[in-house]
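Right, one structure below, let's go through it.
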Amino acid sequence: MKHVTVMKSFSLRTFFQSLFFSTLLFGIIACFYWRSQDVGTPLNVMEYAWLYVFLIFFGLLQWLFQKNILVKLTDRQPVAPRTQKPDSTIYQESDAERKRRNKHEQRLFVHLFSVLQREGRLMDFLQEDLSRYEDGQIGAAVRSIHENCKKAVTRYLSPEPVMKHAEGETVEIAAGFDQHAVKLVGNVVGQPPFSGILRHRGWQLRSISLPKLSEAENPNLIAPAEVEIQ
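Just so we're aligned: 162 in this note's numbering is position 162 of the sequence shown, and the numbers increase by one with no gaps anywhere.
Right, dumping it as structure tokens:
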């Protein structure tokens with residue numbers, strides 16, 4: 001925008017200056033011929049007119065030349081955008097907000113493990129050395145853990161199958177299917193619709209209602225240690 005304004009102002013100024021100096025030069029030359037007409041051949045009106053037209057034409061050429069030079073100079077040196085001085089306070093607040101968000105996201109990732117540990121002792125079971133126990137003992141322990149974790153998952157996540165058919169049935173996959181929800185395996189050739197055997201129904205959440213997450217909790221904490229004071 002600034003370049004356009006400068007170009008308009010320069011064009012108008014140089015145009016009128018060219019006309020002025022061309023007219024002035026014509027006046028000087030005409031006066032000189034008028035003074036010297038007794039010595040040489042005097043000029044008539046048409047010759048004075050052609051002389052004036054020539055000088056105006058020469059002035060316009062000079063004006064166009066100057067305008068072209070200005071255009072090239074402004075194109076080579078673009079105006080740099082105005083930059084504001086960085087505010088250290090804003091950057092500090094942004095860093096603090098970014099750290100808080102990262103901590104919250106990390107806490108959300110382990111939040112479900114915290115719920116399953118609290119409801120079904122899942123983490124205790126996964127970290128247990130099962131080689132010390134007989135199969136019967138493991139089965140009894142797994143039954144209790146499975147029941148409690150299933151209740152927690154059903155209560156907070158409400159899972160449901162992606163496809164309602166029973167596994168082993170033949171299903172039809174129409175064109176435009178959700179490739180994130182349905183994974184095609186085996187001999188996948190051509191374009192849908194496809195026909196195949198359902199090997200796994202998949203899982204998705206009908207709703208999610210995990211317990212409220214405390215912002216003050218340690219993002220790495222799954223379950224606190226318990227110490228009984230005697």
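Yeah, the Cβ is synthetic: ideal placement off N, Cα and C, and Gly gets one too. Quantities reported herein were computed from a predicted structural model and do not represent experimental measurements.
By the Cβ test, the stretch 194-208 is in contact with the stretch 160-174, since at least three Cβ pairs between them sit closer than 8 Å. Excluding its 5 nearest sequence neighbours in each direction, Leu130 has C-beta neighbours in its own chain below 6 Å: Ile138, listed in chain order. Between Ser114 and Ala225, the CB-CB gap reaches or exceeds 8 Å. Ranking Val227, Leu210, Glu119 and Gln230 by CA distance to the CA of Phe109 puts Leu210 first. For Leu213 against Arg100, the beta-carbon gap comes to about 13 Å, at or over 8 Å, which does not count as contact. Boundaries around Glu160 are those of the beta strand (DSSP E), Pro159 to Pro161, since no alpha helix (DSSP H) includes it. By alpha-carbon distance to His104, the top candidate from Met163, Pro219, Gln230 and Ile229 is Pro219. Per DSSP, Glu147 is not a residue of any beta strand (DSSP E); the alpha helix (DSSP H) it occupies stretches across Asp135 to Tyr156.
In this structure Ala181 is exposed. Its beta-carbon is surrounded by fewer than 16 other beta-carbon atoms within 10 angstroms.
Taking Met163 as the centre and dropping the five residues before and after it, the same chain places the C-beta of Val171, Leu198, Arg201 and Gly202 closer than 7 Å to its C-beta, in chain order. Per DSSP, Phe194 is one residue of the beta strand (DSSP E) stretching across Phe194 to Ile197.
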